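In UniProt numbering, the protein residues as written are 1 to 211. Below: the structure, in structure tokens.
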């Protein structure tokens, strides 16, 4: 009997060892609640935009930091101020798991009304890590489309108009590549926004996984 038990025990020990090794060296992507993590980061096509600090903004300005980027405009009545306020309120939670700088870019898709001074005043209200960028539509639209976002202006000849734009947020890694997208929830009668707590949870998981 002992001769039979010995190889069985060895087999069990071997299996436990293999499982333990796999768990300790598990490199599988994290389970996310509201985000899509790209298996291979997506390259962002070269761009030149105008920043609220009065300078030209290019791909290199995305490097060395985690960037949460979304489209919006200062006259936006709901999605934009809600998104910015939620990020501001939870900033300490958002930046708790990384020593790499975290920045928020609001890409204004309403260049006719959002000149640089107006855009600067708007984003600076939310904190020093919030930046605004914009450009003419000929530069802006390809940049936004390359990120998988969209916007449209029904009638720009009027002075009081609404801009249709994506509610999702894009996560750009410190190499300046698109790493993930935080998807907005669309519930009847509710503003389509990304759940802020789920965003924080997912961001922390992504950062822990990649860093």
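No residue lacks a Cβ here, since even glycine has one placed at the ideal position from N, Cα and C. The structure displayed is predicted, hence computed values, not measured ones.
A straight-line Cα-Cα distance of about 15 angstroms links residue 170 and residue 133. Residue ranges of uninterrupted alpha helix (DSSP H) with 4 or more members, entirely inside the stretch 69-99 and ordered along the chain, are 79-89, 91-94.
Inclusion of residue 94 and residue 200 in the CB contact set at 8 angstroms is warranted, their separation being smaller than that value.
For residue 153, the three-state secondary structure derived from DSSP is coil.
Inter-residue distance for residue 121 and residue 152 is about 24 angstroms (C-alpha atoms, whole angstroms).
Counting C-beta pairs with one atom in each stretch, the stretch 62-78 and the stretch 97-115 have three or more that are closer than 8 angstroms, which means they touch. The closest CA to that of residue 114, considering only 137, 186, 58, 148, is found on 137.
Excluding residues up to 5 positions away in sequence, 182, 183, 194, 195, 198, 199, 202 lie with their Cβ nearer than 7 angstroms to the Cβ of residue 34 in the same chain.
DSSP places residue 182 in the strand class (E or B) of the three-state scheme. Bounds of the beta strand (DSSP E) holding residue 130 are 130-134. In summary, residue 50 is buried, with 16 or more beta-carbon neighbours lying within 10 Å of its beta-carbon over all protein chains present. Boundaries of the beta strand (DSSP E) harbouring residue 41: 35-42, taken from the DSSP string. By the neighbour-count criterion, in which a residue is buried when 16 or more other Cβ atoms sit within 10 angstroms of its Cβ, residue 84 is buried.
The beta carbon of residue 82 sits closer than 8 angstroms to the beta carbons of 191, 193 from its chain, once the five residues preceding and following it are set aside; these are given in chain order. With 16 or more other Cβ atoms inside 10 Å of its own Cβ, residue 111 counts as buried.
In this structure, residue 46 and residue 59 form a Cβ contact; the two beta carbons are roughly 6 angstroms apart against a cut-off of 8 angstroms. In the structure shown, the three-state DSSP call for residue 165 is strand.
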